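The structure under discussion appears below in the form of structure tokens.
2 protein chains.
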Amino acid sequence: MSGPARPRSRPTPVSGFPELLPAQRLVEQQVLATLATTFGLHGFAPLETRAVEPLDQLLRKGDTSKEVYVLQRLQAADDTAEDDGEAGPGLGLHFDLTIPFARYVLENAGRLEFPFRRYQIQKVWRGERPQEGRFREFTQADIDIVGRDQLPFHHDVEIARVMVDALTRLPFLPRFRLQVNNRKLIQGFYTGLGIADLDEVMRLVDKLDKLPAETVRGLLVEDAGLSQEQAGQCLALAQVSSPDTSFVDRVRALGVRHDLLEEGLTELAEVVERCADLTGPGVEVVADLRIARGLDYYTGTVFETRLDGFEGLGSICSGGRYDSLASDGRTTYPGVGISLGVSRLLVPLFQRGLLSGDRSVPSAVLVALPDEASRAECDAIAQGLRSRGVATEVAPTPQKYGKQIRYAERRGIPFVWFPASAADGSDADQPAGHQVKDIRSGEQTGADPGSWRPPTEDLLPRIVVPTGPTGATTDATTEGTTDEGAPR
Amino acid sequence: MSGPARPRSRPTPVSGFPELLPAQRLVEQQVLATLATTFGLHGFAPLETRAVEPLDQLLRKGDTSKEVYVLQRLQAADDTAEDDGEAGPGLGLHFDLTIPFARYVLENAGRLEFPFRRYQIQKVWRGERPQEGRFREFTQADIDIVGRDQLPFHHDVEIARVMVDALTRLPFLPRFRLQVNNRKLIQGFYTGLGIADLDEVMRLVDKLDKLPAETVRGLLVEDAGLSQEQAGQCLALAQVSSPDTSFVDRVRALGVRHDLLEEGLTELAEVVERCADLTGPGVEVVADLRIARGLDYYTGTVFETRLDGFEGLGSICSGGRYDSLASDGRTTYPGVGISLGVSRLLVPLFQRGLLSGDRSVPSAVLVALPDEASRAECDAIAQGLRSRGVATEVAPTPQKYGKQIRYAERRGIPFVWFPASAADGSDADQPAGHQVKDIRSGEQTGADPGSWRPPTEDLLPRIVVPTGPTGATTDATTEGTTDEGAPR
């Protein structure tokens, strides 16, 4: 028997492919569960698509081609003879979840009910240069609604409301701003100004995020051939922003007239108006006429989302209305959707030490092991607790109790259970009967293995948000608890 | 503005990359949630690793190289100048979750607590020829326990018990047989027989799944150079199987003696003995001395699992003890684990029509829409239901109520809510006040939007198992309910 080949040195991370430690992953899991639950409560079905798409689908928009990872079977050249005849255009890893979803809708249209709501939480891959918040592998959480032939406008409002509902259930999130705009508004305004190359102008105005307005003005004149007046009007439009419908008058005051502009103003006003009640301490919904979503496939409403204090991350949650992404030539499936960059949001918070969990294991209880002969008894106690939904593990070895308590402490397990057999004279400090100790407070009480449960807030690991220079933490999992609740 | 390029014909599936319809995916989601919850209750942390590993890690075992998908950036050749300097050996998609986990343990050993329990539910990729139950992209659910320097044997028993606990919570599953063997037992037996090339003999004996015993005997003699007596002994060992520890005497009766054989017999007897209480109507735990797990890295206990009536799928759940997979040269991290082939299990059941869900949406309630002006009121009713955990959607258009009820029926939504405003004389059939209709029974009652909840068993889609030639279904989600509970 040949011994297995082993790695002989410690492996190192691969740039752009972040991985979480167990305590962080327990936080991410709770975040994903909150998102999935919220989307499901709104009637969105939990779709998944395969990780690969035919390359010709992925490369439909030329400017993304650089980012696509192409798949090749290692010995593909050697074994074409025994291959399954599937030639095809080659496969690449998907770089978003919208293109695969549009393809899925076309492929399965006859078996879907429209309007079709789905959420999709999956990894995507882009071969771009890694930087903070930008990875080569990352998790996105998308919601979309797709109709057949037509999709009423109220679904644009619905998509915004559902995502805000989900985000506001993440109490560790800094205050965020959902910025809404409308492609028809921009296109109508530009066309009304007499501009021909709308894409180019949109692309340059999008640079306002990174370049000063005067630089962008220069580019609009020199690169896009706009007059000084046209360039000035484009910049003036991009500066309009309001938390209410007052933006409509400000745009009209710019003096440009076009039917598509009017349509866009009406739609954007409706989104802002019907989301006004969402604005609160943690969230603001605003019309922001600078938002354009680059060269994407959007045709109406567009969304971006920025986090207070994390503007450098860019938009953590983006999307919009796409009326012609999915079409088989006869039938068109218009849609509206929004995509949350889960990794873009969480990984920087982990990396900056602004978010963590208080346990590295799901376990709420460690059953102490008096001696190896008691393992079956301890297993039975643990299984009883599990049957009531309490995550429980049994100590791996019958060390001294002090060591077993430290085993729990190192993992953040809040309770240690001492079986009744442990009290049979073997330890003078242990009273008779089953005992359970809250190792944070040191409090120890008698407990019935058939009915005891920990407090509900101790069932799952807590999400903790370190605050201030002292490193004090606040519990972000449940509102109204204090620092005392978090063990460390 | 250039119009988006569109696919002009209906896309077709990619062989080996199965995708589920929404109702099926809702079933898969419940299955994955059950697995994750069970693993968490046993203290396993929910790890995820990146989808890629360095190729030199993936190719450590030569015979898997054909299956690896290699990643290449589409324009990698063009932009090496602006690349981030990361040269490395190239990346491939992982083909299992054990190799990545071993790498993760080595990479993060200083930040993990041992013994380290983790579960990992992720997609894996293999470029092999697709067939029933064998895919190029599929989901696995793995549990592993890894120690530093040593890992007590009782964890072998624990791994088996945890996986059986999880599988028995899937009530749609046919009866399954967990088959346990021990590599030490096989190695000791073969060595005791004077056989030198253990790997080759194991590889040939493994063919008993597909070839008659006499053919395998011939191969053992001709290919592996065994004597007729040695070949006969190997086949005799492979035929030993028992649901209890009686296998020990049957092996001893074969007359081979070796220390490693004794060690293996003791370990295997302990697993079988300590899992005996698990055997019941849905599961059997047996010692089966034919199981060897091919050329894998196992060093002691090995597991396979077969489903009654689905023997052709092979083992749906396999694993074992690996004492030297993860080592950095100084420290070794022995482990034991088992891996459930979620896609291998579910996709054939879906394809054969033996498993399905009763809804294509999570929604338990459709709020009917009397007219477009009532949308805000209907949204408020829906949001109230959602706040009590009831998945709810609002009808997309104010069609006639008959059509709205059919909208719910087509999706399997069990309840339709008629808002009070709907009864304001607009429909003579509608009594005053809020009404909720169970569209399966037709029963309609008054309901308070501030407190009404559907029966608990209607909160989530049900898993249904069509039985018999009549296509009658039984509800597999909750025990004790009858066919009447399932709407269709």
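Chains A and B, in that order, give the protein sequences. Just so you know, we're using the working numbering here: the first sequence kicks off at 5 and counts up by one. Just so you know, we're using the working numbering here: the second sequence kicks off at 5 and counts up by one. Glycine included, C-beta positions come from ideal geometry on N, C-alpha and C. On a predicted model such as this, the values are computed, not experimentally measured, just so you know.
#1: Would you kindly check if the distance between the Cβ of B/V371 and the Cβ of B/V394 is under 8 Å?
#2: Name the chain B residues whose beta carbon is nearer than 7 Å to that of A/K127?
#3: Per DSSP, which one or two residues make a beta bridge with A/Q124?
#4: Residues of chain B with CB closer than 8 Å to the CB of A/G324, please, in chain order.
#5: Give the residues from the segment 388–400 of chain B that approach chain A closer than 9 Å (Cβ to any Cβ), ordered along the chain.
#6: Which of the three DSSP states is assigned to B/P338 in this structure?
#7: Beta strand (DSSP E) containing B/E308: first to last residue?
#8: Starting from B/A200, follow the alpha helix (DSSP H) in both directions and report where the run begins and ends.
#9: What residues in the segment 354–375 of chain A have a beta carbon less than 7 Å from any beta carbon of chain B?
#10: Thinking B/R325 and B/T309 are a contact (beta carbons under 8 Å), I'd like their distance in whole angstroms, please.
#11: Out of A/G286, A/F251, A/E111, which has the shortest C-alpha to C-alpha gap to A/L269?
#12: Considering only their Cβ atoms, is the gap separating B/G198 from B/L264 smaller than 8 Å?
#13: So B/K404 packs on B/V420, CB below 8 Å; how close in whole Å?
#14: When we look at the beta-carbon of A/S445 and count the other beta-carbons within 10 Å, is it buried (16 or more) or exposed?
#15: On a Cα-Cα basis, can you pick out the residue from B/V184, B/V469, B/D169 that is closest to B/R356?
#16: Chain B partners of A/A3, CB-CB under 8 Å?
#17: Using a Cβ cut-off of 7 Å, pull out every chain A residue sitting near B/H158, in sequence order please.
#18: Return the CA-CA distance between A/G316 and B/M167, expressed in angstroms with no decimal places.
#19: A/Q448 by DSSP, collapsed to three states: which one?
#20: Give me the Cβ distance between B/D160 and B/T249, rounded to the nearest whole Å; I'm assuming they're in contact under 8 Å.
#21: Taking the straight line between their C-alpha atoms, what separation do you get for A/S13 and B/L224?
#22: Can you name the residues of chain A whose CB is closer than 8 Å to the CB of B/P17?
#23: With B/T102 as the anchor, note down where its alpha helix (DSSP H) starts and where it stops.
#24: Identify every residue that forms a DSSP beta bridge with B/A49.
#25: Ignore the nearest five residues each way along the sequence and tell me which others in A/L25's own chain have a CB closer than 6 Å to its CB.
#26: Under the DSSP definition of a beta bridge, which residues are partnered with A/K441?
#27: Starting from A/F193, follow its DSSP beta bridges and name the residues at the other end.
#28: Residues of the segment 203–231 of chain B with a CB closer than 9 Å to any CB of chain A: list them in chain order, please.
#29: Just to confirm, is the Cβ distance from B/V128 to B/L101 under 8 Å?
#30: Pull up the CB-CB distance for A/Q126 and A/E52, whole angstroms please, since I reckon it's below 8 Å.
#31: What residues of chain E sit near B/P119, judged by a beta carbon separation below 8 Å?
#32: The alpha helix (DSSP H) that contains A/F354, what's its start and end?
#33: If you compare alpha carbons, which of B/Q61, B/L59, B/A37, B/T460 is closest to A/P50?
#34: Mapping the DSSP letters down to three states, classify B/D60 as helix, strand or coil.
#35: Which value, in whole angstroms, describes the spacing of the CA atoms of B/D136 and B/L182?
#36: Tell me, please, whether the CB atom of A/K33 is closer than 8 Å to any CB atom in chain B?
In short:
#1: no
#2: A55
#3: A/D146
#4: Within 8 Å Cβ-Cβ: nothing; A/G324 doesn't reach chain B, min ~13 Å.
#5: L389, R390, S391, G393, V394, A395, T396, E397, V398, P400
#6: strand
#7: 305–311
#8: No alpha helix (DSSP H) contains B/A200, which DSSP labels as neither H nor E.
#9: S364, V365, P366, S367
#10: No, B/R325 and B/T309 are not in contact; Cβ-Cβ is about 16 Å, not under 8 Å.
#11: A/F251
#12: no
#13: Contact doesn't hold; Cβ gap of about 13 Å is too wide.
#14: exposed
#15: B/V469
#16: In the structure as shown, chain A begins at 5 and stops at 492. Residue 3 of chain A is therefore absent and cannot be evaluated.
#17: R379
#18: 45 Å
#19: strand
#20: So it is not a contact: roughly 15 Å between Cβ atoms.
#21: 39 Å
#22: E111
#23: 102–112
#24: B/R122
#25: none
#26: A/V420, A/Q448
#27: DSSP lists no partner for A/F193.
#28: D203, M206
#29: yes
#30: 6 Å
#31: Protein chains in the displayed structure are A and B, and chain E is not among them.
#32: 346–355
#33: B/A37
#34: helix
#35: With the sequence shown as reference, residue 136 of chain B is identified as Glu, and Asp is not the correct amino acid for it. Cα-Cα distance, rounded: 21 Å.
#36: Before going on, a small fix: residue 33 of chain A reads as Gln here, not Lys. Interface residue, yes.
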